[in-house]
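Read the structure below first, then the notes.
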RNA sequence: GGGGAGGUACCAAAGCGGUCAAAUGGGGCAGACUGUAAAUCUGUUGGCUAAGCCUUCGAAGGUUCGAAUCCUUCUCUCCCCA
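Next up, the structure:
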């Protein structure tokens, strides 16, 4: 994997770069649509590719391991073939499920025992096993197995959790180095900075992670409920330490505003369920502001979904019509909203990249921000 | 014409003497959602000068300290038989 920095801003840490993988090129900053079980929920892969213009999408180790299971994915020839995406993919390690499924799992130094959310069956994930599964899934970028600490989280827990994440990282790296890709493209392992909301822990973690000289580095454990200022402050602190010449991935972030602010702090890669999940629930991000399509005010608004949108759904459908679809529980409503939101996100980072290259990113950001947060 | 069942809030439907401004669904209105246990979840849904008060359970009378609940008449709907 090759990362080239094309341009760095003068007045912030924003950067424009290019990642080259065996399955394709990724121009950063980039937003990666989340496709947990191998599907970007409610959106045709053709549209993810062409209309939305995604360059890389996510999959999830825990979910794909449970269903359809590694053997099916191996037989399919890897996840990119299985879901017909055929382009770069990234798999999360299941570290986030350690957090979100906290009711049904048990953490030990050796690994995590999970209960499947599907049938309650028990499974064990170790760093080694997670690497093995990700080899079989076959994403271009794979993630280290970490513990995403909850928020709030006391210092002692955060410190122990961080030590655990670091020891798991060493085991992930060892196992990664001792195994080979199964398909005919290379894979790259990204370690993850943790440390909850504690600056010294974050600093320490960023240093440990940097020492691995990985192809790219991630920041996890943020946007789990802490105030956004805290998230920005910690991101800022961590990007000062992480290598300049490697892509930085802020996991699980965020709102359009979060993304632009984090780009200023030196982040190159993002993923978030927000455009798809909120889209499914009737919320769309538009060039004029945020719209809750279920609200009565759109009942007879026959203007395009987004006058300035780039997706074909934006001018094909009216707000009133998509509202009607939501009120009628038609699956087409969530599909259109998801398509729109993803296109909006991808266009946002594309514009950000353009303005970084043009040298006016901060000015552009200041001008566009009020519209991004405006509630219509 | 005879027999039976029933009319409760936007809809459906509980309630059958006080703890009922009235369960529960649905619908409506609004909010939430950040490495997806989510096409999900939460709040709210008679009025007001609002820890209280007022008007509501087909209509009108009545019994009772007290009625959506009991009685009388009227009215409307549905079902069965002719």
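Residue numbers (my numbering): 1036 to 1411. The C-beta atom is built at its ideal place from N, Cα and C for all residues, glycine as well.
By the Cβ rule, the region 1041-1050 does not count as touching the region 1355-1373, because fewer than three pairs are nearer than 8 Å. Looking at the backbone, the Cα of residue 1321 and that of residue 1311 are separated by about 14 Å. Distance from residue 1224 to residue 1172 at the Cβ level is roughly 13 Å; contact not present, criterion being Cβ atoms closer than 8 Å. Between residue 1211 and residue 1130, the gap from beta carbon to beta carbon reaches 8 Å or more. The same chain holds no residue with a CB closer than 7 Å to that of residue 1395 once the five nearest residues on each side in sequence are set aside. Listed as beta-bridge partners of residue 1272 by DSSP are no residues whatsoever. Under the three-state reduction of DSSP output, residue 1378 falls in the helix class. Ranking 1038, 1073 and 1079 by CA distance to the CA of residue 1104 puts 1073 first.
Ranked by Cα distance from residue 1249, the options 1277, 1085, 1238 and 1235 are led by 1277. In terms of Cβ geometry, residue 1095 and residue 1071 form a close pair [threshold 8 Å]. Per the Cβ contact rule, the region 1326-1346 is not in contact with the region 1284-1294 (fewer than 3 Cβ pairs under 8 Å).
When secondary structure is reduced to three states using DSSP, residue 1131 falls in the helix class. Shown here for residue 1282: same chain residues with a beta carbon closer than 7 Å to its own, the five before and five after excluded, namely 1038, 1052, 1054, 1063, 1251, 1303 and 1304 in chain order.
Under the rule that a run must span 3 or more residues, the beta strand (DSSP E) segments found entirely inside the region 1157-1223 read 1157-1160 and 1176-1178. Residue 1314 carries a helical assignment under DSSP once its states are collapsed to helix, strand and coil.
If you draw a 10 Å sphere on the C-beta of residue 1298, you find 16 or more other C-beta atoms in it, and that means buried.
Looking at the DSSP output, residue 1067 shares a beta bridge with 1306. DSSP links residue 1267 through a beta bridge to no other residue. Per DSSP, the continuous beta strand (DSSP E) segment holding residue 1141 begins and ends at 1140-1142.
When beta bridges are read from the DSSP output, residue 1237 appears opposite no residue.
The three-state reading of DSSP puts residue 1331 in helix, counting H, G and I together.
Minimum Cα-Cα distance from residue 1079 among the listed residues 1380, 1387, 1367 and 1389 corresponds to 1367. Looking at 1382, 1195, 1218 and 1267, the one whose alpha-carbon comes closest to that of residue 1407 is 1382. For residue 1062, the beta-bridge partners assigned by DSSP are 1053.
Annotation for residue 1115: 1121 and 1124 place their beta carbon closer than 6 Å to its own, counting only its chain and skipping 5 residues before and after.
As the crow flies, the alpha-carbon of residue 1162 is around 35 Å from that of residue 1378. In this structure residue 1346 is buried. Its beta-carbon is surrounded by 16 or more other beta-carbon atoms within 10 angstroms.
Contact check for residue 1255 and residue 1183: beta-carbon distance about 6 Å, within the 8 Å limit, so the pair qualifies. Take residue 1300, set aside five residues on each side of it, and the residues of its chain with a beta-carbon closer than 7 Å to its own are 1048, 1267, 1270, 1271 and 1274, in chain order.
When the five nearest sequence neighbours on each side are left out, the beta carbons in the same chain lying within less than 6 Å of the beta carbon of residue 1350 are those of 1339, in order along the chain.
The C-beta of residue 1058 has 16 or more other C-beta atoms within 10 Å across all chains shown, which makes the residue buried. Contact annotation: residue 1169 and residue 1126 have beta-carbon atoms nearer than 8 Å. Residue burial is scored here from C-beta neighbours: residue 1296 has at least 16 other C-beta atoms within 10 angstroms and is therefore classed as buried. With fewer than 16 neighbouring CB atoms inside 10 Å of its own CB, residue 1262 falls in the exposed class.
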